[in-house]
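Student:
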Amino acid sequence: MKFVPTLLAAALVVAAPAFAGSAADAVTVADPYVRLVPPGQPATGAFFVLKNSDDKDHKVLKAESSAAKVTELHTHLNEGGMMKMRPVKDIEIKAKGEAELKPGSLHVMLINLNKPLKEGDSIPLKLIFEDNSSKEVSATVRKIQAEMPMGKPADMPMGKGEMMHHHH
Amino acid sequence: MKRGILIGAIVVLSVLLVWATVVWQPASPRPGALSQGPRGGDFTLQAASGPLALHDLRGKVVLLYFGYTMCPDICPTSLAFTAQGLNHLDKAEQEKVKMLFVTVDPERDTLERVKDYASFFHPSIIGLTGSPEDIARVARLYGASYARQNVDSAAGYVVDHTADTYVIAPAGKLFAVLPHGAPPAKVAETIRAALVAK
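Protein chains in written order, with the working numbering: chain G, 3 to 170; chain L, 1437 to 1634.
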């Protein structure tokens, strides 16, 4: 009779990782999209919001896509007006937190696209996490919108044009 | 001994005073933005249709932007916002505006590539390239900076660059500088002001 509790305990130990949840289980991907770029252009970016429902931090270590020859993780830095794009080794999503991939910031870069993009295309993306779990999402190709859907221009705090003063 | 310290202190304070009045610009959005003297000027670069000089566009408002086609994010954003600004104008106004996209990556951006890239965002945008020296000269005239960086990426190298749009009035003088991300309404407003500038 004693071996039943042991068997149960063994079963629980084996099953425990499934209950504890992998990173892929804990992290959701919201609103994935890929920016439409002109045909013949070699690279574009994929953007989405990662949300981590877990009690511990998770990281995306790699991204893969059949739409491009190479897929990498990048970010943008604005240093003194110089726009700098740099590869990053991972994207961290803190416990109960979010990581936003958006224009001008973190993104998945698709390099050497296999074929020209069309608005509305579905681009497959696979995100690989630190525990080797992975998640597949489908990102829609979208044209960049600067304005709100209602047709009102986005009212952003930035964008103060500098006017040159000409003194005659 | 004491006199040496006093003189030293005067020198240090004088330097600080000079720095505070001449160099330090707390409200300046970007180093050297307005502190540099008059900028701008004529130039000739290469379009797919042949050489194009700024003076060929006299009488039009010209928007000038420096970027490159391997840039997957900043350049498309700048060009898309500006294109939407152009679309705020009526047809008659649009006919008086041209935009120039000058590549800071002449090694990779061929005439065809830069033309396709530019016109994708708006028919009024002309893609330009040239020799590295010519491009550097034009960038200097307008206060644009760029620097090639080798990165550990299949992209090979990236080009760091400033992402302002320079607005040139119909007489050929630099009129305004729009920062990256200026909303389309702001772009349209600045173009309209430039259209009536001397």
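For each residue, glycine too, the CB sits at the ideal point set by N, CA and C. Here the structure is a predicted model, which means the values were calculated and not measured.
Under 9 Å between the Cβ atoms of V113(G) and V72(G)?
Tutor: Checking the sequence shown, residue 113(G) turns out to be Ile, not Val. Against a cut-off of 9 Å, the Cβ pair of V72(G) and I113(G) comes out as a contact.
Student: In chain L, which residues lie with their C-beta within 8 Å of the C-beta of I125(G)?
Tutor: Here the premise fails: no neighbours, minimum Cβ distance about 13 Å.
Student: Does chain L have any CB closer than 9 Å to the CB of A45(G)?
Tutor: Judged by the 9 Å Cβ criterion, A45(G) is in contact with chain L.
Student: Does the beta-carbon of I1443(L) have 16 or more other beta-carbons within 10 angstroms, so that it is buried, or is it exposed?
Tutor: With fewer than 16 other Cβ atoms within 10 Å, it is exposed.
Student: Using a Cβ-Cβ cutoff of less than 8 Å, which residues in the same chain neighbour I1627(L) once the five nearest sequence positions on both sides are dropped?
Tutor: Excluding positions up to five away in sequence, the list reads V1497, L1499, G1521, L1522, L1525, E1529, V1533, V1603.
Student: Using a Cβ-Cβ distance under 9 Å, would A1445(L) count as near chain G?
Tutor: For A1445(L), the answer is no, since every Cβ of chain G falls outside 9 Å of its Cβ.
Student: Hey, is the region 133-149 of chain G in contact with the region 22-29 of chain G, meaning 3+ C-beta pairs nearer than 8 Å?
Tutor: Flag = yes, the region 133-149 of chain G and the region 22-29 of chain G touch.
Student: What does a CB cutoff of less than 8 Å around A1591(L) pick up in its chain, not counting 5 residues either side in sequence?
Tutor: Contacts found: M1506.
Student: Rounded to whole angstroms, how far is the Cβ of A1575(L) from the Cβ of S1581(L), which I believe are closer than 8 Å?
Tutor: Their Cβ separation, rounded to whole angstroms, is 7 Å, which keeps A1575(L) and S1581(L) in contact under 8 Å.
Student: In terms of residue numbering, what span does the beta strand (DSSP E) encompassing Y1602(L) cover?
Tutor: Where Y1602(L) is concerned, the enclosing beta strand (DSSP E) stretches over 1601-1604.
Student: Could you say which of Y1593(L), G1495(L), Y1578(L), E1625(L) lies nearest to P1606(L) if we only look at CA atoms?
Tutor: Measuring from the Cα of P1606(L), the nearest candidate turns out to be G1495(L).
Student: What residue range does the alpha helix (DSSP H) around Y1501(L) cover?
Tutor: Not the alpha helix (DSSP H): Y1501(L) falls in the beta strand (DSSP E), residues 1497-1503.
Student: Taking only the alpha-carbon atoms, compute the straight-line gap between V143(G) and R37(G) and give it to the nearest angstrom.
Tutor: Taking the straight line from one Cα to the other gives about 6 Å.
Student: Taking the alpha-carbon of L1577(L) as reference, which of F1479(L), D1545(L), V1451(L) has the nearest alpha-carbon?
Tutor: The residue with the shortest Cα to Cα distance from L1577(L) is F1479(L).
Student: Run the CB neighbour count on Y1593(L), radius 10 Å, all protein chains shown included, and call it buried at 16 or more, exposed below.
Tutor: Exposed, because fewer than 16 other Cβ atoms sit within 10 Å of the Cβ of Y1593(L).
Student: Among G1579(L), A1629(L), A1621(L), H1616(L), which residue has its Cα nearest to the Cα of G1476(L)?
Tutor: Among G1579(L), A1629(L), A1621(L), H1616(L), the Cα nearest to that of G1476(L) belongs to G1579(L).
Student: Considering only DSSP beta bridges, list what V36(G) is partnered with.
Tutor: For V36(G), which the question treats as bridged, DSSP gives the partners A48(G), V143(G).
Student: Does any CB atom of chain L fall closer than 9 Å to the CB of L52(G)?
Tutor: By this cut-off, L52(G) is not an interface position.
Student: So, is D1588(L) buried or exposed, given that buried needs 16 or more other C-beta atoms within 10 angstroms?
Tutor: Exposed is the call here.
Student: Restricting to Cα atoms, I'd like to know which of A1583(L), A1519(L), P1512(L), T1546(L) is closest to T1565(L).
Tutor: Looking at the Cα atoms, T1546(L) is the closest of the given residues.
Student: Considering Cα atoms alone, identify which of I125(G), S24(G), S68(G), T46(G) is closest to M111(G).
Tutor: M111(G) has its Cα closest to that of T46(G), out of I125(G), S24(G), S68(G), T46(G).
Student: So H1597(L) contacts chain G; which residues on that side make the cut at Cβ distance below 9 Å?
Tutor: Correct list: M84, M85, K86.
Student: If A39(G) and L103(G) are in contact, beta carbons under 8 Å, what's the gap, nearest whole angstrom?
Tutor: Strictly speaking, residue 39(G) in this sequence is Val, with Ala absent from that position. The Cβ separation is near 17 Å, so there is no contact.
Student: Count the other C-beta atoms from every protein chain shown that fall within 10 angstroms of the C-beta of A1516(L), then say buried if there are 16 or more, exposed otherwise.
Tutor: Under this definition A1516(L) is a buried residue.
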